[in-house]
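Down below is the structure, laid out as C-alpha cells.
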Amino acid sequence: MKKVQLKFLAAFFLLTGIGSYAQESIITKAELPNVAQKFVSEHFSKSTVDYIKKDKETFSTDYKIKFSDGREIEFDSDGNWTEVDGNRTVIPTAFISKNILNHVKQKFPNTHIVKIEKGRFGKQDVKLSNGLELEFNAQGEFKRIDD
Amino acid sequence: MSISLKNYTLKYLVLALLVIIAVWAALFYAVILDELYDNTDDGLKDLKIQIIRKAYIDEATLQIKEFDFNQFKITPVNYSQYKEGNFFRNELFYMEYDDEMEPYRILETYFVDRNGNYQKLEIRTSTVEEDDFRLDLFFALIFLYIFLVVSIVLINNIVLKKVWKPFYITLDNLGKYEFGKLYKPKQSTTEIREFKLLDQKIDKMIERNETAFLQQKQFIENASHELQTPLAIAINKLDLLIEKESFPEDNLIDLSETKNGLIRLVNLNKSLLILSRIENNQYTDKKEIEINEVVKHVLEDFSDLLQFKNIDLDFSEPAQFKTVINPDLAYILISNLIRNAVKYNSDGGKIIVTVDSYGVEIKNTSIGNEPLSELVFNRFYKAVNDNTSTGLGLSIVKSIAENHAALNILYSFENNFHVFSLKTKNS
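First to last, the sequence lines map onto chains A and B. Start counting the first sequence at 285; every next residue gets the next number (our numbering). Start counting the second sequence at 724; every next residue gets the next number (our numbering).
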C-alpha cells in the first residue's frame, strides 16, 4: 500500500516538476520586497500570516500572502499589490482610490468592498459585499458593471 | 417532351429559392431571437443592479417573496445554495390579461444582503410579444416565398416571352425560306446580342446560298442556250440543204437522218434542262391545280395522234384531283405519261385514263405483252430501242413526283395493261 502511494507521489512530483515553468517557494516576510512589506504592516498589521509564497515565472516573479482569516494579497515583482481578496469579508480601503470609494458609497450604500484586483492597462475590478462586480479604470473612474 | 427555355430554368429557380429561403429563414430567425433575448436579458440584468442596491438601503425589499407587480422575488438561501453568476430560463405564468399561460423570461441570481445573509433573487419579464413575433415571422416568410415565386413566374412569362419573340420570328422566317425565292424576312428588332448575331449570320448565309444558286441557275441556262444555238443553226442548214433537192435520194436520206439526230439532241437538251431545273427547285411558282383539267387538255393535244393510231380512249373522272404544283410541270408530267401510253401502244390498242380524288391512273395496252422493268424510270433507259426517244420522259415524271411533297408515281402490270398511277402519298 505504502509503496504504491510513494510511487504515485513520486510520479506526481515528477510530472509537476516537468510541467511547470514556475518555481514556487515558501519565503518569510523579510524576504518580501520592501514596498510589499510596508503595505502589509500598514493595512494588515493585525492579521496573522499563514504563509507567504514566491512564484518565479519565466518573465516575472509574483508574491502571495495568505492570512489566517482567509484574506490574501498578491504582489508583483516590485512589491506593488495586484490583488487584495477578502474572501467575502471586508478589506481595508485606505489604499483604494478615493474615486472608487466615493462611487461605491453613492451608488451602493451600505455595501463594502470585499475584493479588488488590478488588470491590464490599469483597470481595477472591485467586488462588493452584495455580490456585484464593478470595473474602474486606472484613475478610478467607473466603467461598467461586470455581469 | 421539350420545355420552352423560359420555363426550363423556372423549375430550378423555384427549387433553389425554396432551399435558400428555408436556410436563410432558419438563420435569420435564430439571429433575431438571439438579439431579442439579449435585449430582454440586458433589461433583467439592469433591474438586478437596482434591486440589490435598493435591498441595501431598504430592508423591506427583502420581504418581497412573491412575483406581483414588482415582477421580482427574493428568497433566503443557505451557503450551499449560493451560486455566482446569472442564470436565465423561460417559464410559463398565468397572465390575467390574456387569461392563459404566457411565456416569461426569468433571471435567477444570488447576492449577499446587508446582514451577510445569502439571498436568491428572481426577476421576470413577459415575452409575450416575442412569441407572437415568432409566429408572425414564420407567416411573413411563407408569404415572402410565395410572393417571390409568383413574381418570378410572372416576370418569366411576360419579360422572357417578349425577349424570345424575335427568335421565334427568325425561326418563322427560316421555315418560310425557299431556295431561289426572294427572302423577305419579317423584321425583328431585338436588343439581345445573341439574336442579333444569329440574324446577321443567317442573312449572310442566305446571301451566299442565293448567290450560289443564282450562279448555278445562270450556268444551266447559259449552257443550255449555248447548246441550242449551234444545234438550231445546224438543223437550219440541213433543212436548206434538204429543200434544195439537188442531192440524190441516198444523200437526202442521210441528211434527213442527220437532221433527226440533231433534233434528238435538241430534245435531249430541253429535257435535261427541265430535269436540272426540277431538281434545283427552280420551278417555284406553285398553284393549286385541278389535275382533271390538265389531263383533259393533254388528251385534247394528243387527240390527232390518238386518232392516227386508232386508239380506243376511255376517260373517266369520278372525282376531282387537286394538288399544289407548278402548272408547267403538271402539264409535262401528264403529257409525258400520255405520250408513252400512245407511243408504245399497239395500233388499235386501248388507253384507260381515270382521275379520282387520290390521283390519276393511266393504263395502256402495248406491243409486247411483257411487264416493264423497274429501271424504266432511270435516265436514258429505253425499254425499246427507239432512236427518237431521249429516254428521259419517265425520269422527268419521276423527278416531278419526287419533288412534290405528296405525289408518288408507281408502275404495275395488270391484265396485260401497263399501269402508271400517280397518287397522293397516304392513299
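Backbone N, C-alpha and C fix where the C-beta goes; we use that ideal spot for every residue, glycine too.
Item: Tell me, which residues are paired with A:ILE357 by DSSP?; Value: A:ILE349 and A:VAL368
Item: Buried or exposed: which applies to B:LYS788, given that a residue is buried once 16 or more other Cβ atoms fall within 10 Å of its Cβ?; Value: exposed
Item: Would you mind stating whether B:SER1026 and B:GLU1084 have Cβ atoms separated by less than 9 Å?; Value: no
Item: Taking DSSP as the reference, what is the three-state secondary structure of B:GLU1011?; Value: strand
Item: Tell me, please, whether the CB atom of A:GLY415 is closer than 9 Å to any CB atom in chain B?; Value: yes
Item: My guess is that A:ASN414 and A:PHE392 are in contact by the Cβ rule of under 8 Å, so how many angstroms apart are they, rounded?; Value: 7 Å
Item: Taking the alpha carbon of B:GLY1082 as the point to measure from, which residue in B:GLU972, B:PRO1041, B:LYS982 and B:LEU815 has its own alpha carbon closest?; Value: B:PRO1041
Item: For my contact list, A:THR366 and A:GLU358 are in at a C-beta cut-off of 8 Å; report their separation, rounded to the angstrom.; Value: 5 Å
Item: Quick one: Cα of B:PHE1003 to Cα of B:LYS884, how far?; Value: Checking the sequence shown, residue 1003 of chain B turns out to be Asn, not Phe. Answer to the nearest angstrom: the Cα atoms are 38 Å apart.
Item: Looking at the structure shown, is B:ASN809 part of a helix, part of a strand, or coil, going by DSSP?; Value: strand
Item: Express the C-alpha separation of B:THR981 and B:ASP962 in angstroms, rounding to a whole number.; Value: 10 Å
Item: Helix, strand or coil: how does DSSP classify A:GLY403 here?; Value: coil
Item: Where do the N-terminal and C-terminal ends of the alpha helix (DSSP H) with B:ASN730 fall, by residue?; Value: 728-780
Item: Please compile the residues from chain B whose C-beta is within a distance smaller than 7 Å of the C-beta of A:PHE392.; Value: ARG776 and TYR779
Item: Do the segment 1003-1013 of chain B and the segment 1035-1050 of chain B meet, that is, are 3 or more Cβ pairs less than 8 Å apart?; Value: yes
Item: Quick one, which residues of the segment 376-406 of chain A are near chain B if we go by CB-CB under 8 Å, in chain order?; Value: LYS391, PHE392, PRO393, ASN394 and THR395
Item: Relative to the alpha-carbon of B:ASN1139, which residue among B:ASN1101, B:ILE1074 and B:ASN992 has its alpha-carbon at the smallest distance?; Value: B:ILE1074
Item: Entirely within the segment 881-961 of chain B and at least 3 residues each: give me those beta strand (DSSP E) ranges in chain order.; Value: none
Item: Do you know how far the Cα of B:MET928 is from the Cα of B:ILE1055?; Value: 34 Å
Item: Hey, would you say B:TYR868 sits closer than 9 Å to B:LEU740, going by beta carbons?; Value: yes
Item: Let me make sure I understand the geometry here. Which of A:SER381, A:TYR335 and A:PRO376 has the alpha-carbon closest to that of A:VAL398?; Value: A:PRO376
Item: Along the segment 323-357 of chain A, what residues have a CB closer than 8 Å to any CB found in chain B?; Value: none
Item: Kindly indicate which residue of B:TYR833, B:THR850 and B:ILE1001 has the alpha-carbon position closest to the one of B:ASN813.; Value: B:THR850
Item: Given a cut-off of 9 Å on the beta-carbon distance, is the pair B:LEU756 and B:LEU830 in contact?; Value: no
Item: A:ASP431 touches chain B at which residues, Cβ-Cβ below 8 Å?; Value: LYS768, LYS771, ILE772 and ASN809
Item: Have a look at B:ALA748, B:ILE976, B:VAL1065 and B:LEU978 and flag the residue whose alpha-carbon is nearest the alpha-carbon of B:LEU864.; Value: B:ALA748
Item: Can you tell me whether DSSP reads A:VAL374 as helix, strand or coil?; Value: coil
Item: List the residues of chain A whose Cβ lies closer than 7 Å to the Cβ of B:ARG837, in chain order.; Value: ASN394
Item: Would you give the residue range spanned by the alpha helix (DSSP H) that B:ARG1062 belongs to?; Value: 1050-1066
Item: Against chain A, which members of the segment 789-821 of chain B pass a CB distance test of less than 8 Å?; Value: GLU807 and ASN809
Item: Which residues does DSSP list as the beta-bridge partners of B:HIS1141?; Value: B:ASN1087 and B:PHE1136
Item: Does the beta carbon of B:THR784 come closer than 9 Å to any beta carbon on chain A?; Value: no
Item: Step through the CB atoms of chain A and report whether any lies within less than 9 Å of the CB of B:THR763.; Value: no
Item: Just how far apart, CA to CA, sit B:ASP922 and B:ALA935?; Value: 20 Å
Item: Please look up how many angstroms separate the CB atoms of A:ASN318 and B:TYR779, rounded, as I've assumed it's under 8 Å.; Value: Incorrect: roughly 39 Å between the Cβ atoms, too far for contact.
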